[in-house]
Amino acid sequence: MANIIKFTKMQGAGNDFMVIDGITQSISLSADTINKLAHRQFGIGFDQLLLVESSTVADFKYRIFNADGSEVSQCGNGARCFVRFVVDQGLTTKSEISVETASGIITPKLEAHGLVTVNMGAPRFKPDSIPFIAESVANRYSLDVNNQSLDISAISMGNPHAVLVVDDVEAAPVLPLGSTIEHHPRFPECVNVGFMQIVDEHHIKLRVFERGSGETLACGTGACAAAVAGIQLGELSSPVKVSARGGELSIAWQGADAPVMMTGPAITVFTGEVDLDTI
């Protein structure tokens with residue numbers, strides 16, 4: 009008997025997802041199967057797989073898997089696609105929903121103009137909560153990489169981020185340096201690496217090397233982390249327009265324990281079915 013599941017392919021600022029309804033259909037996916045589905049020539053092709061499930065503490069539960077099959081706690085662009093998906097699929101009549109994630113509850117809202125705003129919660133700076141190995145909290149840390157010392161900001165947006173300020177984001181060595189920092193021993197759970205070029209106090213350009221996926225066209229939590237890092241350093245002021253290769257996001261943060269608010273697009277690309285026994 010064929011093992012067929014229905015899915016929707018979505019993207020948020022170029023960060024693309026395979027979204028699966030795990031409420032009305034039974035889903036069991038191994039890391040190997042997810043990795044095969046993520047292949048852009050032999051599978052569906054995506055940066056992350058999003059699984060919609062029922063929750064006992066929120067409207068829905070949200071599970072996120074990287075292209076390599078590893079499960080992670082948070083994905084900002086995915087959160088926007090999540091609310092668009094459950095509304096379009098008729099799983100809710102609400103325009104604002106509560107969603108249980110591994111790092112806490114988030115509240116994405118489908119706006120009247122079609123964009124989606126997500127309350128991403130407050131950023132975390134304590135090294136133990138990132139996690140990052142350091143003696144105390146700082147706006148900047150020195151990180152030894154390939155026999156050179158790099159200045160980074162380390163922040164958690166429900167997942168760990170290292171942010172580097174660069175002069176020219178297009179010339180930055182995102183692939184080799186991002187891959188090296190991703191597995192740096194001071195980040196016990198690996199890290200997403202953002203390369204941020206400051207255009208002015210309300211505008212940055214950003215490229216992100218995501219752990220488990222490589223460079224993506226956009227990263228929602230990476231945009232949040234970069235904007236927060238720039239504000240903490242006194243280089244940026246809220247709101248911040250984040251120009252990624254796949255599109256633009258707007259990030260607002262009032263500092264301290266205030267939540268980070270992210271607004272951006274969530275687009276359905278196509279729907280389909282796949283027989284998992286053929287993957």
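First residue of the sequence shown: 9, per my numbering; consecutive thereafter. C-beta: ideal position from N, C-alpha, C; glycine also.
Chain-order list of residues whose beta-carbon lies under 8 Å from that of residue i (same chain, five-residue window excluded)
| i | result |
| --- | --- |
| ILE239 | SER245, SER246, VAL248, TRP261 and GLY263 |
| ASP283 | ALA10, ASN11 and ILE12 |
| LEU204 | In the sequence as presented, Leu is not what sits at residue 204; that position holds Met. These residues qualify, in order along the chain: VAL171, LEU172, VAL173, VAL174, VAL177, ILE212, LYS213, LEU214, ALA234, ALA237 and GLY238. |
| GLY112 | GLY129 and GLY166 |
Exposure of residue i, with buried meaning 16 or more beta-carbon neighbours within 10 Å
| i | result |
| --- | --- |
| ASN147 | exposed |
| ASP24 | buried |
| GLN82 | buried |
| ASN155 | exposed |
| GLU119 | exposed |
| ILE177 | One detail in the question is off: residue 177 reads as Val in this sequence, not Ile. Under this definition VAL177 is a buried residue. |
| PRO273 | buried |
| VAL6 | Any answer about residue 6 is impossible in this case: the structure gives the chain only from 9 up to 287. |
| GLN49 | exposed |
| ALA75 | buried |
| ASP55 | buried |
| VAL250 | buried |
| ALA87 | buried |
| SER38 | exposed |
| GLY230 | buried |
| ALA162 | buried |
| GLY186 | buried |
Extent of the continuous beta strand (DSSP E) to which residue i belongs
| i | result |
| --- | --- |
| LYS249 | 248-252 |
| PRO184 | Premise fails: PRO184 lies in the alpha helix (DSSP H), 182-190, not in any beta strand (DSSP E). |
| ILE212 | 211-218 |
| GLY272 | 269-272 |
| ASN74 | 68-74 |
| SER150 | 149-153 |
| THR224 | 222-224 |
Opposing strand residues paired with residue i [DSSP bridges]
| i | result |
| --- | --- |
| GLY20 | ASN23 |
| ILE163 | HIS169 |
| MET128 | Paired residues: none, contrary to the question. |
| ASN200 | HIS169 |
| GLU104 | LYS117 |
| PHE278 | LYS17 |
| LEU257 | VAL250 |
| GLN56 | PHE25 and ASN74 |
| GLU61 | LYS69 |
| VAL80 | ILE72 |
| ILE141 | In DSSP, ILE141 forms no bridge with anything. |
| SER157 | ASP152 |
| ASP283 | ILE12 |
| ILE206 | ILE212 |
| GLY112 | THR109 |
Residue range of the alpha helix (DSSP H) that includes residue i
| i | result |
| --- | --- |
| THR41 | 39-46 |
| VAL91 | 84-96 |
| THR229 | 228-240 |
Chain-order list of residues whose beta-carbon lies under 7 Å from that of residue i (same chain, five-residue window excluded)
| i | result |
| --- | --- |
| ILE35 | ILE13, ILE28 and LEU59 |
| ILE31 | VAL60, GLU61, SER62 and LEU99 |
| ARG194 | PHE140, ILE141 and LEU151 |
| ALA180 | VAL174, PHE203 and ARG215 |
| GLN97 | ASP29 |
| ASP40 | GLY77 |
Contacts around residue i, its chain only, beta-carbon distance under 6 Å, and the 5 residues preceding and following it disregarded
| i | result |
| --- | --- |
| VAL182 | PHE203, ARG215, PHE217 and GLU223 |
| ILE275 | GLN19 |
| ILE52 | MET26 and LEU45 |
| SER164 | ARG132, SER137 and ILE138 |
is_contact[residue i, chain C] using C-beta, thresh 9 Å
| i | result |
| --- | --- |
| PHE54 | Although the question refers to chain C, the structure presented lacks it and comprises just one protein chain. |
Assess, as a yes-or-no matter, whether the stretch 195-212 is touched by the stretch 102-118 under the definition of 3 or more beta carbon pairs within less than 8 Å.
-> No, the stretch 102-118 does not touch the stretch 195-212.
| query | So, do the stretch 123-136 and the stretch 84-95 have three or more beta carbon pairs nearer to each other than 8 Å? | reply | yes
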